[in-house]
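**Student:** Residue numbers (the numbering used here): 800 to 943.
(1) Is residue 841 buried or exposed, if buried means 16 or more other CB atoms sit within 10 Å of its CB?
(2) Taking buried to mean at least 16 other C-beta atoms within 10 Å of its own C-beta, is residue 879 buried or exposed?
(3) List the endpoints of the continuous beta strand (DSSP E) containing residue 852.
(4) Pick helix, strand or coil for residue 895, following the three-state DSSP scheme.
(5) So, using beta-carbon positions, are residue 872 and residue 900 closer together than 7 angstroms?
(6) CB-CB under 6 angstroms to residue 849, same chain, minus the five flanking residues each way: which ones, in chain order?
(7) Identify the continuous alpha helix (DSSP H) that holds residue 911 and give its terminal residues.
(8) What does a CB cutoff of less than 8 angstroms around residue 829 pick up in its chain, not counting 5 residues either side in sequence?
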């Protein structure tokens, strides 16, 4: 990337100062520690973002992270729950990589932290169909 973390923070602060809603999240499972994920959630809280898309690394052949092990489903669920605890009034959204989770894990995330979703195909991978996502939300007793 050509932007430093400080550049990104300044952009978010400028957007907030201009009265814009801010969506800022990240990719988990890139080799970071649990402590780094928690620090990231606190940073997003300090920046007062409105929406936090949680992407799960989906290693793609030919990319620098192609051999990444990634996180267990339990660690992903725990991360979403921690983000909800740290950011109680923000939208925590499923985003890229969620197809790596089983149905029961996706339900657990919806019931324990995630309250939104980015639907449709992602930049480099396909995602759940909109019909499948709607069925999952109904099963989780969510409104949409």
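Backbone N, C-alpha and C fix where the C-beta goes; we use that ideal spot for every residue, glycine too.
**Tutor:** This is what the structure gives:
(1) exposed
(2) With 16 or more other CB atoms across the displayed protein chains lying within 10 angstroms of its CB, residue 879 is buried.
(3) 850-855
(4) coil
(5) Yes, they are a contact pair.
(6) 820 and 821
(7) 902-911
(8) 856, 864 and 867.
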